[in-house]
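See structure below.
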Amino acid sequence: MAPAQHDGGSGSPARMTRFDDLYDQPDPRAYFRVLGALDYQTPQHAQGVFRRLLRAAVAAAPADRATGERPGTVLDLCCSYGINAALLNHDVTLAELAAHYTSAEAAGLSTAELIARDRRFYAARRRPDAVPVVGIDIAAPALGYARAAGLLDAAFAENLETAAPGPALRQALRGLRLITVTGGASFLSARTFRSLLAEDAAREGGRDLPWVAAFVLRTGSYRPIADGLARLGLTTEKDETRTYPQRRFTDADEQKYAVAAVTAAGDDPSGKESLGHFHTALYVSRPAAQAAARPLSTLLPAP
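In the UniProt record's numbering, the protein residues as written are 1 to 303.
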């Protein structure tokens, strides 16, 4: 997991603008200032999608044998400052968050003062159906903010590409129902998901595996991760009804790269990358029986 991509980054570091420094800040003010100027949209697209998928994943999972409850923990990979958790669990939009963090009032606060303000801000907007969210990221400053602001119930600066999850992370992921990715797929491989899910896949034929929902830039391929998830027992479907604008290009060279990469991948950039924005595609992975029981199209908001 590399901070160049995260939920606001942009893929291949050799050809696309890097945003590494945005994730080494003590709070998300620079993140919203820079990415907001580029019309960054992915977390807003994800808000409604993740809420709907989580409800369906919880309903499809077996109830806990001891309590009869259906836990609904979410794991956000490459979570940075907890933006997905903010949008999932609170009545707020990405545009409202951008205004909140780029306001003149926010500019005059210390990080500690901003955190105190944010805790009040989010507490006033907390949804009654809020769920536990665990975040994983290698950017410790971003994780620290998300935890201090109360957006994440647990946060772990662990790189699952190179090491197995620690015992504390394993404990935090009990009741996991949905894994979300809104950026970072270009820097993840099947190794991360194998580290997270191999033990669960070995139990009960993998019937209790969580779902995975990933917004993936069209400049790369999700096939290696999808193949890895298939080996664990998850079948992957792509939302074929639409693509989702991510952000504007930083310059003409970045657009030229994106158009060429999308074309090479067998997709058509016309009306999408050709008009000035990166676009993502949504991939959803579920246990095969659950995927067969309910078509993906019935789980997503109308195009």
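Cβ atoms here follow ideal geometry from the backbone N, Cα and C, with glycine treated the same way.
Predicted model, so just to flag it, every value in this text is computed and none were measured.
Determine the burial state of residue i: buried for a count of at least 16 other Cβ atoms within 10 Å of its Cβ, exposed for fewer.
i, result
"Ala4", "The predicted position of Ala4 is uncertain, since its pLDDT is 39 and thus under 50; a value taken from the coordinates is nonetheless stated next. It is buried - the Cβ of Ala4 has at least 16 other Cβ atoms within 10 Å."
"Arg286", "buried"
"Gly183", "buried"
"Leu275", "exposed"
"Lys272", "buried"
"Ala57", "buried"
"Asp118", "buried"
"Asp39", "exposed"
"Thr298", "exposed"
"Ala292", "exposed"
"Ala202", "exposed"
"Ser221", "exposed"
"Ala59", "exposed"
"Ala252", "exposed"
"Pro167", "exposed"
"Ala198", "exposed"
By how many angstroms is the C-alpha of residue j removed from the C-alpha of residue i?
i, j, result
"Ala116", "Arg125", "15 angstroms"
"Lys256", "Asp208", "43 angstroms"
"Gly11", "Arg294", "The predicted model places Gly11 with a pLDDT of 44, which falls under 50 and marks its position as unreliable; any figure quoted below should be read in that light. Each residue's alpha carbon lies about 32 angstroms from the other."
"Met1", "Thr102", "With a pLDDT of 35 at Met1, under the threshold of 50, the modelled position of this residue cannot be trusted, and the question is left open."
"Thr241", "Pro303", "7 angstroms"
"Ser189", "Glu113", "38 angstroms"
"Arg15", "Pro62", "45 angstroms"
"Gly150", "Pro269", "39 angstroms"
"Ala106", "Ala95", "15 angstroms"
"Phe50", "Gln290", "17 angstroms"
"Asp7", "Arg127", "Interpretation of Asp7 is limited by its pLDDT of 43, a score under 50 that renders its predicted location unreliable; the figure taken from the coordinates is listed afterwards. Each residue's Cα considered, the two are about 23 angstroms apart."
"Asp21", "His277", "22 angstroms"
Looking at the ligand PLP, does it come within less than 6 angstroms of residue i, judged from the CB to the closest heavy atom?
i, result
"Gln246", "Absence of the ligand PLP is noted for the structure shown, with no ligands found whatsoever."
For the candidate residues the options, whose alpha-carbon lies nearest to that of residue i?
i, options, result
"Ala288", "Gly266, Leu232, Thr180 and Ala123", "Leu232"
"Pro141", "Thr162, Ala281, Tyr31 and Pro210", "Tyr31"
"Ala265", "Gln290, Val216 and Arg120", "Val216"
"residue 304", "Leu282, Ala107, Arg147 and Asp129", "Nothing can be reported for residue 304: it is not among the residues displayed for the chain, which extend from 1 to 303."
"Arg177", "Asp27, Ala37, Pro71 and His45", "Pro71"
"Leu280", "Pro43, Phe19, Glu158 and Val133", "Note that residue 280 corresponds to Thr in the displayed sequence, not to Leu. It is Pro43 whose Cα lies nearest to the Cα of Thr280."
"Lys238", "Ile225, Arg248 and Gln246", "Ile225"
"Gln171", "Leu196, Thr17, Ala148 and Gly108", "Leu196"
"Gln229", "Thr17, Ala146, Thr192 and Pro26", "Gln is not the amino acid found at residue 229; the sequence shown has Leu there. Per the Cα distances, Thr192."
"Leu143", "Ile83, Asp91, His100 and Ser186", "Ile83"
"Leu296", "Trp211, Ala104 and Arg33", "Trp211"
State yes or no: is the C-beta of residue i within less than 7 angstroms of the C-beta of residue j?
i, j, result
"Leu53", "Ala213", "yes"
"Ser80", "Tyr122", "no"
"Ala85", "Leu152", "yes"
"Val131", "Val181", "no"
"Arg218", "Val262", "yes"
"Ala155", "Gly135", "yes"
"Pro138", "Asn159", "Per the sequence shown, the amino acid found at residue 138 is Ile instead of Pro. Yes."
"Asp27", "Thr93", "no"
"Gln47", "Leu87", "yes"
"Thr17", "Thr243", "no"
"Ala98", "Gly175", "no"
Check for me: the alpha helix (DSSP H) holding residue i runs from which residue to which?
i, result
"Arg286", "Premise fails: Arg286 lies in the beta strand (DSSP E), His277 to Pro287, not in any alpha helix (DSSP H)."
"Asp118", "Thr111 to Ala123"
"Gln171", "Pro167 to Ala172"
"Gly108", "Element bounds for Gly108: n/a, residue is neither H nor E."
"Thr42", "Thr42 to Ala60"
"Leu97", "Leu94 to Thr102"
Give the range of the beta strand (DSSP E) segment to which residue i is assigned.
i, result
"Ala76", "Correcting the residue type first, residue 76 is Asp in the shown sequence and not Ala. Where Asp76 is concerned, the enclosing beta strand (DSSP E) stretches over Thr73 to Leu77."
"Gly135", "Val133 to Ile136"
"Tyr244", "Tyr244 to Arg248"
"Leu217", "Trp211 to Leu217"
"Thr263", "From DSSP, Thr263 is part of no beta strand (DSSP E) but of the alpha helix (DSSP H) over Ala252 to Ala264."
"Phe193", "No beta strand (DSSP E) holds Phe193; the alpha helix (DSSP H) holding it covers Ala190 to Ala201."
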